[in-house]
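Engineer: Residue numbers (our numbering): 85 to 830.
This is the structure, below, for whatever I ask next.
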């Protein structure tokens, strides 16, 4: 029965010991698998080392051959120059020099223009990518606007229908007031139930009125036809129904001499009439309030927040007149008040009202907006802070993990940790439902486990959680409480993996020169350095400033890129420079295999810098070698075409560990921040959670890569070179590039 208490089913909590045992078993299986995989990798590395040794010897032989060939070419060139200088006349030689000087000037001009055109072309490509992304955002906004306009038109049509109903009801009341006459001696008194009543009681006050205690209840004959009974929804409908019932009672005529008729003094008749007039006036006030609410909804274009195709019926709040003699108050939500059965046929010239489809209270409907996603599921579009926090711990259904992660990733953009924690603890204290309380504690556990920096950096927040864990959690939550206390005491464990996984032995270089660094080992050391920078980036740094760790990683990216370019342009010998560029391509390919896409971008940025890109002789040699194909593949991987599509797919498909290129994530966040509003249009104070969800998806690409580190041994010589990475300025690099390969003479 409704009045009886119901048992609340509390879900069983898995034994912590069983969980730990299962975790240890999974851990041992994974360790065995990783051990076998690393053994296979060691064997492969041994084979690679042998191949590299053979390749190194072949490269040395090729280098000696190339040196001899270059010397031979230089001797031949010198011999031809001597013969040419001795055979030509001095006048012809001087004229030739003049022509050469003119050609050199023209060649420098052409090369300068060519370099400028190349830079402008790269800028145009970037601008085109930005424009394409903006077009996509504009298309999405246009589709949203079209949908909102269609909903607004439907709501305006419904508002006009409601307005017509209100006007008709107003005419009915005016008609009743104009035809009002003194009440008969058998006047009916109208009694209104107390404050908690959900409907009006209209009963006859005669001595022999029908009552269960009356032995012979007799109906009162009616000599006039009563008004037809019409049922309307909402506040306006109840006002019209009340007026209609009053009119029916006032028009009842009881024959003289009837047993049910009794004498009534003029004072009682006047008092009854004054009560009826007061109730009519209150009904008019209710209708005025409803009409004003409809006008406001029509002007602001209220959106349908329930994901249905048809617009919702307007919600009219209860009107509460001042507390004076003869007045009354409506405090209950009218959507919960019972209504009488609808009439069999509506009166003529009165359109049937559209029934309300609202399934939740008006206050919640105004504070939490839901939409239907592509899969047909409901998801949060926006809401106030309190409603967004309440959504974390629903009373029914399952907890939306995706929503929970998006909330805790981005809540700092619209609230503080203290605000969120206060609302969670308030929900725990205000609601006695054990399911909700368990979910509040579980949300706190996840918050502490996955976003512990919020508490590590805020002692006040941590102290509040400790007090809650010590005092407020009941015995039903002992295991979750233990998890909370364990999370509070844990330190930063990001980037830790099982120590049982063996690490490969580092390849010690022969010298501190980059050309002597083994490509595989250089790629490993770059992974260690880049991951140490990535793991320090806090989630909030991706969303707002200050961001010291993120800025430092960007600074290191530029430093390594300039170091690569400096190493190339400082190698003046063509053969050695060709070998160094091949070396960089090998390192970039190895970084791609290891999943360090940040390192790949660093090397490609250095190789594609203006000072290195113009070294046509060097790139001609690359084009004639087997490394041209690998270079083209790396260019495609780092290309901005289709908004870095190839890079995004490679990062998505690569297993952990991996290091993303943070520049793409920052670009995505900038587009979201500039292209989407913080609050929902026309809903002041309602946070646009769809914007936060998109931002959390971008932040997730960085956070997920922070969880698993690389298992390599640090090599001090290579690490020292990467830490120092001295480089030239852009102008000095350009001058050194011209020194290596002067501009071609036209």
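Even glycine gets a Cβ: it sits at the ideal position worked out from N, Cα and C.
Could you check how far apart the C-beta atoms of residue 607 and residue 671 are, in whole angstroms? I think they sit under 8 Å.
Structural biologist: 5 Å between Cβ atoms; contact.
Engineer: Give me, in chain order, the residues of the same chain whose beta-carbon lies closer than 8 Å to that of residue 468; leave out the 5 immediate sequence neighbours on both sides.
Structural biologist: Closer than 8 Å at Cβ, skipping near neighbours: 451, 452, 769, 770 and 771.
Engineer: How long is the line joining the alpha carbons of residue 787 and residue 132, rounded to whole angstroms?
Structural biologist: Spanning the two alpha carbons is a distance of roughly 33 Å.
Engineer: Could you please give me the residues that DSSP links to residue 462 through a beta bridge?
Structural biologist: Answer by DSSP bridge pairing, in chain order: 456.
Engineer: Give me, in chain order, the residues of the same chain whose beta-carbon lies closer than 6 Å to that of residue 583; leave out the 5 immediate sequence neighbours on both sides.
Structural biologist: Bear in mind that a pLDDT of 46 at residue 583, under 50, signals an unreliable position, so the number given afterwards is only what the model happens to contain. Excluding residues within five positions, none has a Cβ falling inside 6 Å.
Engineer: Is the CB-CB distance between residue 589 and residue 817 below 8 Å?
Structural biologist: No, Cβ-Cβ distance for residue 589 and residue 817 is not below 8 Å.
Engineer: Report yes if the C-beta distance between residue 690 and residue 633 is below 8 Å; otherwise report no.
Structural biologist: No, they are not a contact pair.
Engineer: Tell me whether residue 482 is buried or exposed, calling it buried when 16 or more other Cβ atoms sit within 10 Å of its Cβ.
Structural biologist: So residue 482 ends up on the exposed side.
Engineer: Does the contact criterion of 3 or more C-beta pairs under 8 Å hold for the region 790 to 800 versus the region 589 to 604?
Structural biologist: The answer is yes - the region 589 to 604 touches the region 790 to 800, with three or more Cβ pairs under 8 Å.
Engineer: With a 10 Å radius around its C-beta and 16 neighbouring C-beta atoms as the bar for buried, classify residue 142 as buried or exposed.
Structural biologist: Its Cβ having fewer than 16 others within 10 Å, residue 142 is exposed.
Engineer: Report the residue from 494, 696, 704 and 721 whose alpha carbon sits nearest the alpha carbon of residue 677.
Structural biologist: Closest by alpha carbon: 721.
Engineer: Which residues in the same chain have their Cβ closer than 8 Å to the Cβ of residue 661, if we skip the five residues on either side of it in sequence?
Structural biologist: Excluding residues within five positions, the ones whose Cβ falls inside 8 Å are 652, 655, 699, 702 and 824.
Engineer: Closest to residue 804 by CA distance: which of 485, 601, 501 and 587 is it?
Structural biologist: Checking every option, the nearest Cα to that of residue 804 belongs to 601.
Engineer: Do residue 610 and residue 675 have their beta-carbon atoms positioned less than 8 Å apart in this structure?
Structural biologist: Yes, the Cβ-Cβ distance between residue 675 and residue 610 is below 8 Å.
Engineer: Under three-state DSSP, which class holds residue 679?
Structural biologist: Residue 679 falls in the coil class under three-state DSSP.
Engineer: With DSSP collapsed to three states, give me the class of residue 404.
Structural biologist: Because the pLDDT at residue 404 is just 36, under 50, the model does not fix this residue reliably, and the point stays unresolved.
Engineer: Are residue 508 and residue 527 closer than 8 Å when you measure CB to CB?
Structural biologist: A contact, by the Cβ cut-off of 8 Å.
Engineer: So, residue 644 versus residue 809, is the Cβ gap smaller than 8 Å?
Structural biologist: Their beta carbons are under 8 Å apart, which means residue 644 touches residue 809 by this criterion.
Engineer: Report yes if the C-beta distance between residue 511 and residue 520 is below 8 Å; otherwise report no.
Structural biologist: A contact, by the Cβ cut-off of 8 Å.
Engineer: Per DSSP, which one or two residues make a beta bridge with residue 104?
Structural biologist: Partner(s): none; residue 104 has no beta bridge.
Engineer: Could you check whether the region 772 to 785 touches the region 613 to 630, counting it as contact only if at least three pairs of C-beta atoms, one from each stretch, sit closer than 8 Å?
Structural biologist: The answer is yes - the region 613 to 630 touches the region 772 to 785, with three or more Cβ pairs under 8 Å.
Engineer: If you count every other CB in all the chains shown that lies within 10 Å of the CB of residue 538, and 16 or more means buried, which is it?
Structural biologist: Buried, by the Cβ-count rule.
Engineer: Going by the CB atoms, is the gap between residue 534 and residue 498 shorter than 8 Å?
Structural biologist: Not a contact, by the Cβ cut-off of 8 Å.
Engineer: Can you tell me whether residue 553 is buried or exposed, with buried defined as 16 or more other CB within 10 angstroms of its CB?
Structural biologist: Buried, since its Cβ has 16 or more Cβ neighbours within 10 Å.
Engineer: Who are residue 743's beta bridge partners in DSSP?
Structural biologist: For residue 743, which the question treats as bridged, DSSP gives the partners 680.
Engineer: When you compare each of 679, 827 and 704 to residue 732 by their alpha carbons, which one comes out closest?
Structural biologist: Per the Cα distances, 679.
Engineer: In angstroms, rounded to a whole number, what distance separates the CA positions of residue 738 and residue 819?
Structural biologist: Between residue 738 and residue 819, the C-alpha separation is close to 40 Å.
Engineer: Tell me the residue span of the alpha helix (DSSP H) that contains residue 782.
Structural biologist: Here the alpha helix (DSSP H) through residue 782 covers 773 to 787.
Engineer: Under 8 Å, do residue 464 and residue 773 count as touching if we go by C-beta distance?
Structural biologist: Yes.
Engineer: Hey, how far is the Cα of residue 687 from the Cα of residue 102?
Structural biologist: In a straight line, the C-alpha of residue 687 is about 48 Å away from that of residue 102.
Engineer: Please report the distance separating the alpha-carbon of residue 749 from that of residue 755.
Structural biologist: Distance between the alpha carbons of residue 749 and residue 755: 10 Å.
Engineer: Using C-beta distances below 8 Å, list every residue in its chain close to residue 822, excluding the 5 sequence neighbours before and after it, in chain order.
Structural biologist: Answer for residue 822: no residue qualifies.
Engineer: In or out: residue 246 buried (at least 16 other Cβ within 10 Å) or exposed?
Structural biologist: Its Cβ being crowded by 16 or more others within 10 Å, residue 246 is buried.
Engineer: Terminal residues of the continuous alpha helix (DSSP H) containing residue 610?
Structural biologist: 603 to 618 is the span of the alpha helix (DSSP H), which, as asked, contains residue 610.
Engineer: Distance check for residue 154 and residue 734, CA to CA, integer angstroms please.
Structural biologist: Between residue 734 and residue 154, the C-alpha separation is close to 41 Å.
Engineer: What separation, rounded to the nearest whole angstrom, lies between the Cα atoms of residue 792 and residue 615?
Structural biologist: Cα-Cα distance, rounded: 9 Å.
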